[in-house]
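Engineer: Okay, here's the structure, questions in a sec.
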Amino acid sequence: MMSNIKKLKKLSEKPWFYPMALFLIALVTYGYTLSSLGYYWSDWEVVMYTKLSPAFQFGFYAEDRPFPWTYDLIYFLVGSHPIGWQSATLLIRWAGTLFFVYAMIQFWPDYKKHFFWLGALLLVYPGFVQQTQSAAFSRHIASLLLFSLSLYLMVIAIKRPKLAPLFFPLSWVATFMHLFTIEYFSGFEFIRPVLVWVLVANGYKINLQVLRRILIVSLPYLLVTAFFFWVRFVYFPQAFQTLARFDNISSTMSGFKESFVGTLLNFFNTVVLDLLHSTVQVWINSIVGLDGFTFQQRIAWFAFGLGALFAVVFSFLYNTSNEEDIPNRPSPASIIFNGLILFVASAIPVWAIGKEISTGGWNERFTLAPMFGASLMVVGLVLLFVRPAGQKWIYGFLLIFSVATQVWIVNAYRRDWTTQSDYYWQLFWRAPG
């Protein structure tokens, strides 16, 4: 028995093991009833328009996001089969999470095990519960992947100069694609120079040489971002005769003109509430806020049992207890700070159009980008305030309830699809020809 445990521990050190472990979490959490899931809400809009000519699609989405290439690509690969869309978006989410985790490890290699936990928490982050709306959110999740890929490629290009001639251009292309796919991750581009600074100077020293290096690395990304904003707010309104969210942004900015101090205080209040919601409230909700939850239902036992299983396995494989005596590790404060600026930057597009993350409902989709910074802050806070022996218990506790929340939500979608299918069959069978 002990020899098998040691073999598993040794196996977990293989490069392929963590990606497979993360994939297993994703597959079982979201896909335990994969064949019983279907289309929901805005999914139908996407499915309908994939049946039309690309010219019609371009016209439909031209108001602000005229490049629905993700919908066309997934439709080309899997057709109209719901299981295909569910599988595709799940794979994309898994890959995007992996790239972000490996990028963070390059920033703070001494905290590798903690970032392995970060990946698991991101994958089942309880603030975003719309993974099962696979068609409607395929473009959002594809942008997540492209952003994470652009960040990872940039990090590797900086860390390994021999790969820079290949990886930098690929990173620029990924940046261009994530911006023009959907604007959800555009806010990250505002603080990319700060991330470059952390990489080239550990975020501590600043001099002319460091500034020059930061400028050289950041300039292509800033140019791509500037081009995106010009296209979005100058070219699109002229070409498609659309406000392209100008009305929302103008309404937000007009508040500052009418009452600068009052609007600034309201804005600060929104930032604080959204930050608390994304770092604390989403996990509290996962514990006490599940509608109709009761252990009288078998799905509740399955949800928490699955979460507990993943937490126990991760606690064994990625135990943080033996990291107490690692010398010269960077302060967790740097992780918290970078998580904070990631959160604020990623939420700027949300706040600019007058939306709030913490209001829930339809606005839950806005957690998709801020969850990266929020989860990074949570890891940093655990590192700062909890001794290594207790850190895995905090991570495990969060993982249990995150997995349980997602399993519970997926089951609600499963029941909804059963109702839909019965309704559509009744229409087909009873409606006169």
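For the sequence shown, the numbering used here assigns the number 5 to the initial residue and increments by one for each residue that follows. Note that CB positions come from ideal geometry on N, CA and C, so glycine has one too.
Please report the straight-line C-alpha distance between residue 194 and residue 363, rounded to a whole angstrom.
Structural biologist: Residue 194 and residue 363: Cα-Cα distance of roughly 25 Å.
Engineer: Taking the continuous alpha helix (DSSP H) assigned at residue 285, which residues delimit it?
Structural biologist: Premise fails: residue 285 is in no alpha helix (DSSP H) and is neither H nor E.
Engineer: From this set, 128, 114 and 318, which residue's C-alpha is nearest residue 32's C-alpha?
Structural biologist: Of the listed residues, the one whose Cα sits closest to residue 32 is 128.
Engineer: Between residue 242 and the rest of its own chain, which residues show a CB-CB distance below 8 Å, the 5 nearest in sequence each way excluded?
Structural biologist: So no residue of the chain qualifies.
Engineer: Tell me the residue span of the alpha helix (DSSP H) that contains residue 225.
Structural biologist: Here the alpha helix (DSSP H) through residue 225 covers 212-234.
Engineer: For residue 182, is the classification buried or exposed, using 16 other Cβ atoms within 10 angstroms of its Cβ as the cut-off for buried?
Structural biologist: Per the 10 Å Cβ criterion, buried.
Engineer: Could you check which residue in 332, 336, 369 and 365 has the C-alpha nearest to that of residue 350?
Structural biologist: With distances taken between Cα atoms, residue 350 lies closest to 369.
Engineer: Which first and last residues belong to the alpha helix (DSSP H) in which residue 93 is found?
Structural biologist: Element bounds for residue 93: 86-111.
Engineer: So, are the CB atoms of residue 218 and residue 204 less than 8 Å apart?
Structural biologist: For residue 218 and residue 204, yes; Cβs fall inside 8 Å.
Engineer: State the start and end residues of the unbroken alpha helix (DSSP H) segment that holds residue 163.
Structural biologist: Element bounds for residue 163: 142-163.
Engineer: Candidates 383, 304, 99 and 23: which alpha carbon is nearest residue 342's?
Structural biologist: When each option's Cα is compared against that of residue 342, the closest is 383.
Engineer: Taking the CB atoms as reference points, tell me whether residue 81 and residue 99 lie closer together than 8 Å.
Structural biologist: Not in contact: residue 81 and residue 99 (Cβ atoms no closer than 8 Å).
Engineer: Can you give me the C-alpha to C-alpha distance between residue 126 and residue 165, rounded to a whole angstrom?
Structural biologist: Spanning the two alpha carbons is a distance of roughly 30 Å.
Engineer: Would you mind working out which of 45, 38 and 84 sits nearest residue 54, comparing C-alpha positions?
Structural biologist: Here the closest residue by C-alpha is 84.
Engineer: What is the rounded straight-line gap between the Cα of residue 429 and the Cα of residue 358?
Structural biologist: Rounded to whole angstroms, residue 429 to residue 358 spans 41 Å at the Cα level.
Engineer: Roughly how many whole angstroms lie between the Cα atoms of residue 3 and residue 367?
Structural biologist: Only positions 5 to 437 of the chain appear in this structure, which leaves residue 3 out of reach.
Engineer: Straight-line CA distance for residue 226 to residue 101?
Structural biologist: Rounded to whole angstroms, residue 226 to residue 101 spans 24 Å at the Cα level.
Engineer: Can you check whether the CB of residue 392 is closer than 8 Å to the CB of residue 324?
Structural biologist: In contact: residue 324 and residue 392 (Cβ atoms closer than 8 Å).
Engineer: When you compare the stretch 36-56 with the stretch 101-121, are there three or more beta-carbon pairs, one atom per stretch, that lie closer than 8 Å?
Structural biologist: The answer is no - the stretch 101-121 does not touch the stretch 36-56, with fewer than three Cβ pairs under 8 Å.
Engineer: Is it buried or exposed, residue 117, if we count other Cβ atoms within 10 angstroms and call 16 or more buried?
Structural biologist: Classification for residue 117: buried.
Engineer: What three-state label does DSSP hand residue 205 in the structure shown?
Structural biologist: Residue 205: helix per DSSP, three-state reduction.
Engineer: Would you tell me roughly how many angstroms separate the C-alpha atoms of residue 200 and residue 221, rounded to the nearest one?
Structural biologist: If you take the alpha carbons of residue 200 and residue 221, they lie about 7 Å apart.
Engineer: Thinking just about the alpha-carbon of each residue, which of 379, 377, 90 and 321 is nearest to the one in residue 14?
Structural biologist: The candidate whose alpha carbon is nearest that of residue 14 is 321.
Engineer: What separation, rounded to the nearest whole angstrom, lies between the Cα atoms of residue 97 and residue 148?
Structural biologist: Whole-angstrom Cα-Cα distance: 7 Å.
Engineer: Compare the Cα-Cα distances from residue 34 to each of 347, 413 and 236 and report the closest residue.
Structural biologist: Looking at the Cα atoms, 413 is the closest of the given residues.
Engineer: Which word fits residue 274, buried or exposed, when buried means at least 16 other C-beta atoms lie within 10 angstroms of its C-beta?
Structural biologist: Looking at its Cβ environment, which holds 16 or more other Cβ atoms inside 10 Å, residue 274 is buried.
Engineer: Go ahead and label residue 47 buried or exposed: buried means 16 or more other beta carbons lie within 10 angstroms of its beta carbon, across all protein chains shown.
Structural biologist: Classification for residue 47: buried.
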